[in-house]
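Protein chains in written order, with my numbering: chain A, 158 to 711; chain B, 158 to 711. Read the structure below first, then the notes.
Number of protein chains: 2
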Amino acid sequence: MTVHPAHTRVLTSDETGELAVPFTRVALTNGETFDRYCTEGPGSDPEVGLPPLRSAWIDGRGDTTPYDGRAPQLVDNGRSAIRRGEARDEWRGEKRQPRRGANVTQMAYARAGKVTEEMRYVAVREGCDVELVRSEVAAGRAIIPANVNHPESEPMIIGRRFLVKINANIGNSAVTSSIAEEVDKLTHAITWGADTVMDLSTGEDIHTTREWIIRNSPVPIGTVPIYQALEKVNGEADQLSWEVFRDTVVEQCEQGVDYMTIHAGVLLRYVPLTANRVTGIVSRGGSIMAGWCLAHHEENFLYTHFDELCEIFRQYDVSFSLGDGLRPGSTADANDEAQLSELRTLAELTARAWEHDVQVMVEGPGHVPLHLVEENVRLQQDWCHGAPFYTLGPLATDIAPGYDHITSAIGAATIAMHGTAMLCYVTPKEHLGLPNRDDVKTGVITYKLAAHAADVAKGHPGARDWDDALSKARFEFRWRDQFALSLDPVTAESFHDETLPAENAKTAHFCSMCGPKFCSMRISQDVRDRFATDGMAQKSAEFVELGGTVYVEA
Amino acid sequence: MTVHPAHTRVLTSDETGELAVPFTRVALTNGETFDRYCTEGPGSDPEVGLPPLRSAWIDGRGDTTPYDGRAPQLVDNGRSAIRRGEARDEWRGEKRQPRRGANVTQMAYARAGKVTEEMRYVAVREGCDVELVRSEVAAGRAIIPANVNHPESEPMIIGRRFLVKINANIGNSAVTSSIAEEVDKLTHAITWGADTVMDLSTGEDIHTTREWIIRNSPVPIGTVPIYQALEKVNGEADQLSWEVFRDTVVEQCEQGVDYMTIHAGVLLRYVPLTANRVTGIVSRGGSIMAGWCLAHHEENFLYTHFDELCEIFRQYDVSFSLGDGLRPGSTADANDEAQLSELRTLAELTARAWEHDVQVMVEGPGHVPLHLVEENVRLQQDWCHGAPFYTLGPLATDIAPGYDHITSAIGAATIAMHGTAMLCYVTPKEHLGLPNRDDVKTGVITYKLAAHAADVAKGHPGARDWDDALSKARFEFRWRDQFALSLDPVTAESFHDETLPAENAKTAHFCSMCGPKFCSMRISQDVRDRFATDGMAQKSAEFVELGGTVYVEA
């Protein structure tokens, strides 16, 4: 599973000795090691799935009960399953009964002062005090997405006091892709560091694809249930109803989805605010709900039934990801009245979810010019009482399709520095097509570096240690260590080897960029060595004295 | 030369009708056109070179004289030429006598209230008043790099009141690359939008490679003359002298180099300040000069002979790019005493150059965590009296070799938004090897999008028009226009065609990302169409009324 021979997976516990929290340990050639946050999980056979890490904890709390669950229907897998008269590639691994309780959210426990195993696990992962975890979850400033029906997941936390997280979107569309491809994209995404994965399938076999993904996922899985609900009504937004939606949500709660995007803030009165935009409504869920509202001349049923949704979510501990259906789809539309009106409603819904002890994060844009980025997170944090912000980029310009992982990484690093807790990746294929395996990796690496840049800028404890370890290796010409410490060791090493493939180039004191005579690092080290007879302090003193004597004041 | 069939090159003048300033015109399928800044020049046969656009202007001023110039020497092409006993691949196009004058800088003219053709050309390119150009150049807040011996160049301006520019580094190293490859990289870089190009060759045939590059370059060419000087003394930094350096500078002035990086701020007393850094000195020029200072126990000869350099530069109108030899090479070393001490000296040298009417820009880092980026440009602008800032990125984190075009684009967009005038690109090969042709393109496109994001964030007049044109095309499913308006139409179209290669997909109202049923843009347009019987205003009023009736207050 690991991406480099110098990487191993090590397991750590807190003082109880009961946990097994994974880290990626990087062995360096100078005998040191460097431990990194690890999302890749223990690895699984796709047809078997992962072991249920959290089952004993969930059982141990004694507040959930298995039950028969909703009967599967052909329509769960879309219209083609109905045409065929059967589902395809059904899940062949263990099938557990779904379970639920009265109120089993991490927020409910945290507010009751109870420290769960999930919180302890998260504290070890983050290297922080468990009380910080509990208190931030209790206050709603952080969430631990952890459906009781996804016991395979390794707990993780999303909140501004913790490491910035990234999400990778996968999922098929009506045009392309298969179940096997999507499971492979899942594994690929988490191997490279995705902290959560959203299954945004809109094509065939939606239910079955999701089952394969959840059973193999060590990271929380998010969905946008309106996509599946729309498939159940033949793709006609007008035909959607609370009943179809509710049924779909229960179906997904029972499967183990950890968080769901709910576009409950797209209110009827906000839709006209988009009429004069350059790009109207660009959120799929947002446009579906806007279409429904207008067709029925009624308020968004996700808004009017919001409390019922909360009552469902609290039984499974599903977290809200309050969707920004009216997010700007171009820099021209950023921070406009439509967007900010919806945000006010999302703030209201955040408070309502918290009344039910349901965990909440709030989604954000989109496309935003760089000078307007900070305002987005400031308003969201103010209005939504510190609930975690989860943004899609934002893209800082619209002119570079094919490079929107980069246009958006600029906005993403900036918005995360100002307090966004999770970043939804954008791949090079954004606006152009469905990302393939390589695009998923590029998107993940790009967002990991943006998230880390934000951690460093925030002064997050220990964040810069990684930069320092790599820079030290670079300065000391430990090429192998530089590769091993890279976010993507494979690419770093292959780029180096393109011009200097020989084994001894891995210990050479230069690369092909400047050649041996011009390597500043080598010259700089020579300068140090030449004058460093008695160690650094002595040398430094010498230099100052020398400089003082020789320097001619201008 | 153009990269897309919908692109043509159009020539525009000011009211005199005497100029021919190129723009890239994009023809859209709806009959509209969009004009973009064009750097690619008229195109040349590499063996012939470009026509001398500015010769008549330079002649017309009557203040320069042709002269015999310095006699070429074998050592100008490095040690291998000496071994061979002859130069290789010598320039076969027209050889003009070098010319020089007493004080022929654009700054001298601007200060004397004279508006040159170069200033008028620049004003048309930037779409601004020519008086803005003249006054900014006179004040030193902008430069027009334009050596009288590079008449092939199309004038361009670098300053915070103008469009943010980008530089592409090319040049061979001792390990790899040929003259033909470097000329090809030049053409490739400017085709994709590089505003200036630096020839950083450190390998063989330095003089000849540069001749081919300058004769074929419509953009200003920069160099770091200390690299060639070092080659002339067998790569031994100790053996460098003012005399060897001076001779090299004159050689390059006569060839037509437009700006030169001069590491005159690396003072002896600053060197010890780098001793405890994580990555010491990472600038090649900086480490060479630090090595020389320490070996000789003398002050940097570039500093002590700075006024003589100014006297040379003013005769040709070569601009200073004051090198930041002590720039941080890791986030750990950012904004430290070594860096800021050198910056104070660069400020002093800026003022000294201006006494000679010599144009100046100041180089900046490097590696800087995102929260420290703004301080860099703020201090530089304050201390250096508004002289243009020219930064290398900066990289916002050290952990992603192989992706440093992205780690640095984050810092670059941010620093440019705060007032940096030109960005030196970083390619994916940074820290790993010499960039090839594809890396050059990736670096250029990445920096063009970062520069444009900054222009938009600065509210630069007209900058967002490009975003709006593309977003409008996107929302109206004018796929061909979306490609044609893209910074890189080739990549955008090929990504789209990967999943939807059919011709009719170019007019389809969806892409493979979501498929036809789920395209939010299509749904959003349907929503508009359905309710837009009497145009937008009427519809908007209807919606508000409707919303007002139906909305249930929470």
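No residue lacks a Cβ here, since even glycine has one placed at the ideal position from N, Cα and C.
- The CB of Arg621/A comes closer than 7 angstroms to the CB of Thr488, Ala489 in chain B, given here in chain order.
- Counting along the chain, no alpha helix (DSSP H) covers Ala184/B; the unbroken beta strand (DSSP E) around it starts and ends at 178-184.
- The region 432-447 of chain B and the region 262-270 of chain B do not touch, with fewer than 3 CB-CB distances between them shorter than 8 angstroms.
- At a cut-off of 7 angstroms, the C-beta of Ala649/A has a neighbouring C-beta in chain B.
- Residue burial is scored here from C-beta neighbours: Thr222/A has fewer than 16 other C-beta atoms within 10 angstroms and is therefore classed as exposed.
- Residue contact with chain B for Lys586/A: present (Cβ-Cβ distance below 7 angstroms to some residue of chain B).
- Residues of chain A with a Cβ closer than 9 angstroms to the Cβ of Ile602/B are, in chain order, Ala557, Gly559, Tyr560, Ile563.
- Within chain A, no residue has its beta carbon less than 7 angstroms from that of His161/B; the closest one is some 13 angstroms off.
- Along the region 606-635 of chain B, going in chain order, the ones with a CB nearer than 8 angstroms to a CB of chain A are Leu606, Ala607, His609, Ala610, Ala611, Val613, Ala614, Lys615, Gly616, Arg621, Trp623, Asp624, Asp625, Leu627, Ser628, Lys629, Arg631, Phe632.
- Shown here, Leu549/A sits in a strand according to DSSP, grouped into three states.
- Note that the C-beta distance between Ile215/B and Ala570/A is not below 7 angstroms.
- For Leu168/A, the three-state secondary structure derived from DSSP is strand.
- Contact of Gly198/A with chain B by beta-carbon distance below 8 angstroms is absent, the smallest such distance being about 22 angstroms.
- Scanning its chain for C-beta atoms nearer than 7 angstroms, with the 5 sequence neighbours on each side dropped, one finds around Leu168/B the residues Ala177, Val178, Pro179, in chain order.
- In the same chain as Ser335/B, and ignoring 5 residues on each side of it, the C-beta atoms closer than 8 angstroms to its own belong to Asn329, in chain order.
- For Lys322/A, the enclosing beta strand (DSSP E) has its first and last residue at 322-327.
- By the rule that beta-carbons nearer than 7 angstroms mark a contact, Ile680/B touches chain A.
- Runs of the beta strand (DSSP E) spanning 3 or more residues and lying entirely within the region 191-265 of chain A occur at 221-223, 256-258, in chain order.
- Residue contact with chain B for Ile567/A: present (Cβ-Cβ distance below 7 angstroms to some residue of chain B).
- Here the alpha carbons of Ala337/A and Val354/B stand approximately 47 angstroms from one another.
- Under the three-state reduction of DSSP output, Val354/A falls in the strand class.
- At a cut-off of 7 angstroms between beta carbons, Glu393/A makes no contact with chain B.
- 7 angstroms or more divides the Cβ of Val423/A from the Cβ of Cys467/A.
- When 7 angstroms is used as the limit between beta carbons, Pro526/B is near these residues of chain A: Val613, Ala614, in chain order.
- With respect to the 7 angstroms criterion, Glu388/B and Gly590/B are not classified as neighbours on the basis of their beta carbons.
- Burial is judged here by how many other beta carbons sit within 10 angstroms of a residue's own beta carbon; Thr599/B has at least 16 and is buried.
- When DSSP states are grouped into helix, strand and coil, Gly316/B belongs to the strand group.
- For Phe477/B, there is no enclosing alpha helix (DSSP H); the enclosing beta strand (DSSP E) has its first and last residue at 476-479.
- At a cut-off of 7 angstroms between C-beta atoms, Gly437/B counts as an interface residue with respect to chain A.
- By the criterion of a C-beta distance shorter than 8 angstroms, Pro526/B is surrounded in its chain by Thr488, Ala491, Ala553, Thr554, once the five residues flanking it on both sides are discounted.
- With its beta carbon at least 7 angstroms from every one in chain A, Met264/B lies outside the interface.
- Residue contact with chain A for Leu231/B: absent (no Cβ-Cβ distance below 7 angstroms to any residue of chain A).
- Where Cys410/A is concerned, the enclosing alpha helix (DSSP H) starts and stops at 399-412.
- Between Pro551/B and Lys605/B, the alpha-carbon positions lie close to 15 angstroms from each other.
- As the crow flies, the alpha-carbon of His345/A is around 10 angstroms from that of Val160/A.
- The beta carbon of Gly523/A sits no closer than 7 angstroms to any beta carbon of chain B.
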